[in-house]
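Colleague:
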Amino acid sequence: MAHTPDTRTRLVVLTDISSLQTGVGEPDDTQSLVRLLHYANDLEIEGLIATYTKHTDGCNPDMIEHVVRCYAEVRDNLARHDPRYPRAQALLDGVRGGHRDWHEVGPGKDSPGSEWIVAVLERPDPRPVWFTIWGGPHELAQALWRLEQQHSPADFAALLGKGRVYAIGDQDRTGPWIRATYPDLFYLTGRQIYRGIYKDGDPSLVTWEWVEENIHGHGPLGAAYPNYRGGDPWGRVSGIKEGDTPSFLYLLPTGLSDPEQPTWGCWGGRFAGTGPQLEDAQDRYRGQQSERATVNRWRPDFQADFQARLDWGVQPPDAANHAPIAALASDPRPVVRPGAVVPLSAAGSVDPDGDALSYRWWLYPDPGTYAGEVVIEGAEGAEATLIAPAVDAPVVLHLILTVTDHGTPPLRSYRRVVITVDPRA
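In the numbering used here, the protein residues as written are 1 to 425.
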């Protein structure tokens, strides 16, 4: 039998994890890690690197190992829902620590973490490797420096070309160093996006009570999720913080976007720019315009999805909900003239649990170049049509198909249609 290549996104996480407990240090990295492991079936997690944190004045791979051991206790039940969930040992094999001297790169600054990154990039796997930076990127910086020392310019360029970075801000000076030294590296920097996980939007979905009702009571992995009691520059934060979570929500295969299209927008936010180094964009949503809105607009969807994943850890498949599979049977990239009737079809969309489905076709104006009104006939059906707007110059419209099942909680999947309306077409 022919081997089917793995098409999942490869992922290495760099985390300044510092606490496993409520009220001690900064436990939001542990929150994010618990959520991430519930999605270990959708991503190929090749490394979990503990980087330096000021809260413990060191690196804490033992904390990562603790959370993975909690995952081990629910892994077999998760695998009843999807056999792609890795065994815990496969994750533990990729746990490494970083260097305490997180300011400098060069000779004598290698660490188990940086050496692991070198090994991951050197694997004969053509798929890109995503590095999500939850703290500082020192171990990635050192790995890139080491690779450049060990390889010819052509070979190093090929290895660098496999790298993709989503960084939660610049938490040490090696982030700017990486971008300046390797300007061709695909590098997303979230300056404010990450606060959309917990700030603005629907506050009822990130409260202390929501954690107690929906995360705790779901086996050892849910119990490992520390409720948050702390703050940010605007004041008190209680319940969910998870500032690092957008970095991997961005990679999940929801059908909403493509990681190679950072300007499109998805659960992990939206970015702006024209080169390989991009930063936060802004969305206008429910009366606000901000970088945070590029994430919090999706909060009801990704929180419901997390609820379901928590159920997977403790319930049999017939007692938990699974996301519908949205399908697009019409042209995903039509080029039409103004006034054209654009057919839209979600034929083939199914729900793995047999639940009824609801459909919604809607214009997502922020990533496009047209902010006017559009006419969508049958916008709440599986079959619809869009009337291309009257324009004098080419515009691009991003149309989203949202498919929602009628399970508990209701879950959503998506498809995107990118329509070019060109008077010259």
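Note that CB positions come from ideal geometry on N, CA and C, so glycine has one too.
Nearest CA to the CA of Leu159: which residue from Ile49, Asn214, Tyr194 and Glu122?
Modeller: Within the sequence shown, residue 159 is the residue found at index 159, counting from 1. Of the listed residues, the one whose Cα sits closest to Leu159 is Glu122.
Colleague: Judging by CA-CA distance, which residue of Arg337, Ala393, Gly381 and His322 is the nearest neighbour of Asp82?
Modeller: Here residue 82 refers to the residue found at position 82 when the sequence shown is read from its first residue. For Asp82, the nearest C-alpha among the options comes from His322.
Colleague: Which of the three DSSP states is assigned to Leu221 in this structure?
Modeller: In the sequence shown, counting from the first residue as 1, residue 221 sits at position 221. Helix, per DSSP.
Colleague: If we ignore side chains and look at the alpha-carbon of each, how far apart do Ala327 and Gln89 end up?
Modeller: Within the sequence shown, the letter at position 327 stands for residue 327. Within the sequence shown, the letter at position 89 stands for residue 89. Those two C-alpha atoms are separated by around 35 Å.
Colleague: Taking DSSP as the reference, what is the three-state secondary structure of Ala167?
Modeller: Walking along the sequence shown from the start, residue 167 turns up at place 167. Strand at Ala167.
Colleague: State the start and end residues of the unbroken alpha helix (DSSP H) segment that holds Gln31.
Modeller: Counting from 1 along the sequence shown, the entry for residue 31 is found at position 31. Unbroken alpha helix (DSSP H) run through Gln31: Asp28 to Leu37.
Colleague: How many Å lie between Asp405 and Arg173 at the Cα?
Modeller: The residue labelled residue 405 in the question sits at position 405 within the sequence shown. The residue labelled residue 173 in the question sits at position 173 within the sequence shown. C-alpha separation (whole angstroms): 45 Å.
Colleague: Can you say whether Val341 is buried or exposed, counting buried as having 16 or more other CB atoms within 10 angstroms of its CB?
Modeller: For the purposes of this step, residue 341 is taken as the residue at position 341 of the sequence shown. Exposed, since its Cβ has fewer than 16 Cβ neighbours within 10 Å.
Colleague: Look at the alpha carbon of Gly231 and the alpha carbon of Val237, and state the distance between them as a whole number of angstroms.
Modeller: Locating residue 231 in the sequence shown gives position 231, where the first residue counts as 1. Locating residue 237 in the sequence shown gives position 237, where the first residue counts as 1. Taking the straight line joining both Cα atoms gives about 4 Å.
Colleague: Leaving out five residues before and five after Leu252 in sequence, what residues of the same chain have Cβ atoms less than 7 Å from its Cβ?
Modeller: Position 252 of the sequence shown, counting from 1, holds the residue named residue 252. For Leu252, where only same-chain residues beyond five positions count, the Cβ hits under 7 Å are Tyr39, Asp42 and Trp267.
Colleague: Under 6 Å Cβ to Cβ from Pro107, same chain only, skipping five residues before and after it: list those, please.
Modeller: In the sequence shown, the residue the question calls residue 107 occupies position 107. So the list is empty, once near-sequence residues are dropped.
Colleague: In whole angstroms, what separates the C-alpha of Trp361 from that of Thr402?
Modeller: By 1-based counting over the sequence shown, the position of residue 361 is 361. By 1-based counting over the sequence shown, the position of residue 402 is 402. Looking at the two C-alpha atoms, the distance is approximately 6 Å.
Colleague: Measure the alpha-carbon distance for Gly169 versus Asn296 and round it to whole angstroms.
Modeller: On the sequence shown, residue 169 is found 169 positions in, with the first residue counted as 1. On the sequence shown, residue 296 is found 296 positions in, with the first residue counted as 1. Going by the C-alpha atoms only, they are around 18 Å apart.
Colleague: Less than 6 Å between C-beta atoms, sequence neighbours within five positions excluded: which residues of the same chain meet that for Asp311?
Modeller: By one-based count along the sequence shown, residue 311 stands at place 311. Same-chain partners within the cutoff: Ala320.
Colleague: Would you say Tyr85 and Arg75 are within 8 Å of each other, going by their C-beta atoms?
Modeller: For the purposes of this step, residue 85 is identified with residue 85 of the sequence shown, where counting begins at 1. For the purposes of this step, residue 75 is identified with residue 75 of the sequence shown, where counting begins at 1. Yes; because the gap between Cβ atoms is below 8 Å, this pair is in contact.
Colleague: Contact between the segment 389 to 399 and the segment 354 to 374: three or more CB pairs below 8 Å?
Modeller: In short, these stretches touch, since the Cβ pair count reaches three.
Colleague: Measuring CB to CB, does Leu344 end up less than 8 Å from Thr369?
Modeller: Start at 1 with the first residue of the sequence shown, and residue 344 comes out as number 344. Start at 1 with the first residue of the sequence shown, and residue 369 comes out as number 369. No, Cβ-Cβ distance for Leu344 and Thr369 is not below 8 Å.
Colleague: Taking the alpha carbon of Ser413 as the point to measure from, which residue in Gly135, Ile387 and Ser349 has its own alpha carbon closest?
Modeller: Counted from its first residue, the sequence shown places residue 413 at position 413. Looking at the Cα atoms, Ser349 is the closest of the given residues.
Colleague: Within its chain, find whatever has a CB closer than 8 Å to the CB of His3; leave out the 5 residues flanking it on each side and keep chain order.
Modeller: For the purposes of this step, residue 3 is taken as residue 3 along the sequence shown, with counting starting at 1. With a pLDDT of 48 at His3, under the threshold of 50, the modelled position of this residue cannot be trusted, and the question is left open.
Colleague: Evaluate Met1 with the Cβ neighbour count: other Cβ atoms within 10 Å of its Cβ, from every protein chain shown; 16 or more gives buried, anything less gives exposed.
Modeller: For the purposes of this step, residue 1 is taken as residue 1 along the sequence shown, with counting starting at 1. Low per-residue confidence applies at Met1: pLDDT is 43, beneath 50, and the placement is therefore not dependable, though the value from the model is reported in the following sentence. Exposed.
Colleague: Which full runs of the beta strand (DSSP E) of 3+ residues lie inside the segment 120 to 156, going along the chain?
Modeller: Counting whole runs of 3 or more residues, the segment 120 to 156 contains the beta strand (DSSP E) stretches 129 to 133.
Colleague: Going by DSSP, what residue range makes up the beta strand (DSSP E) through Asp280?
Modeller: Along the sequence shown, read from residue 1 onward, the residue named residue 280 stands at position 280. Per DSSP, Asp280 belongs to the beta strand (DSSP E) from Gln277 to Asp280.
Colleague: Would Gly98 and Thr51 be called neighbours here (beta carbons separated by less than 8 Å)?
Modeller: Here the question's residue 98 lines up with position 98 in the sequence shown. Here the question's residue 51 lines up with position 51 in the sequence shown. Yes, these two residues count as a Cβ contact at 8 Å.
Colleague: Starting from His99, trace the beta strand (DSSP E) both ways and give me its first and last residue.
Modeller: Here residue 99 is taken as the residue at index 99 of the sequence shown, counted from 1. Element bounds for His99: n/a, residue is neither H nor E.
Colleague: Let's see if you can read the secondary structure: which residues bound the alpha helix (DSSP H) around His81?
Modeller: As a working mapping, residue 81 is identified with position 81 in the sequence shown. Residues Pro61 to His81.
Colleague: Among Leu411, Gln150, Ser19 and Trp102, which one has its Cα closest to the Cα of Asp305?
Modeller: To locate residue 305, count along the sequence shown from 1; it is residue 305. The shortest Cα separation from Asp305 among Leu411, Gln150, Ser19 and Trp102 belongs to Leu411.
Colleague: Specify, as a first and last residue, the run of the beta strand (DSSP E) that Ala384 falls within.
Modeller: Against the sequence shown, residue 384 aligns to sequence position 384. From DSSP, the beta strand (DSSP E) with Ala384 extends over Glu383 to Ile387.
Colleague: For Tyr364, collect the residues of the same chain with a Cβ closer than 6 Å to its Cβ; drop the 5 residues on either side in sequence, then sort them by chain order.
Modeller: The count along the sequence shown starts at 1 and reaches residue 364 at position 364. His398 and Ile400.
Colleague: Of the residues Leu249, Thr254, Leu278 and Gly255, which one's Cα is nearest the Cα of Thr263?
Modeller: In the sequence shown, residue 263 corresponds to position 263, counting from 1. Ranking Leu249, Thr254, Leu278 and Gly255 by Cα distance to Thr263 puts Leu278 first.
Colleague: Have a look at Thr181 and Gln171 and give me their C-alpha separation to the nearest angstrom.
Modeller: Taking the first residue of the sequence shown as position 1, residue 181 is located at position 181. Taking the first residue of the sequence shown as position 1, residue 171 is located at position 171. Cα-Cα distance, rounded: 17 Å.
Colleague: Can Trp208 and Val13 be called in contact, C-beta distance under 8 Å?
Modeller: Counting from one through the sequence shown, the residue named residue 208 turns up at place 208. Counting from one through the sequence shown, the residue named residue 13 turns up at place 13. Result no, Cβ atoms of Trp208 and Val13 do not sit closer than 8 Å.
Colleague: Compare the beta carbon distance of Asp200 and Gln288 with 8 Å and say whether it is the shorter of the two.
Modeller: Taking the first residue of the sequence shown as 1, we reach residue 200 at position 200. Taking the first residue of the sequence shown as 1, we reach residue 288 at position 288. Going by C-beta atoms, Asp200 is nearer than 8 Å to Gln288.
Colleague: Decide if Gly434 is buried, meaning its Cβ has at least 16 other Cβ atoms within 10 Å, or exposed.
Modeller: Residue coverage of the chain in this structure runs from 1 to 425, which leaves residue 434 outside it and unanswerable.
Colleague: Quick check: Asn214 and Gln282, are their CB atoms within less than 8 Å of each other?
Modeller: The count along the sequence shown starts at 1 and reaches residue 214 at position 214. The count along the sequence shown starts at 1 and reaches residue 282 at position 282. Contact flag unset, no.
Colleague: Looking only at its chain, what residues have a beta carbon closer than 6 Å to the beta carbon of His55, apart from the 5 residues adjacent to it on each side?
Modeller: Walking along the sequence shown from the start, residue 55 turns up at place 55. Closer than 6 Å at Cβ, skipping near neighbours: Ser18, Gly25 and Glu26.
Colleague: With burial defined as no fewer than 16 other Cβ atoms inside 10 Å of the residue's Cβ, what is the status of Glu212: buried or exposed?
Modeller: Stepping through the sequence shown from its first residue, residue 212 is reached at position 212. Looking at its Cβ environment, which holds fewer than 16 other Cβ atoms inside 10 Å, Glu212 is exposed.
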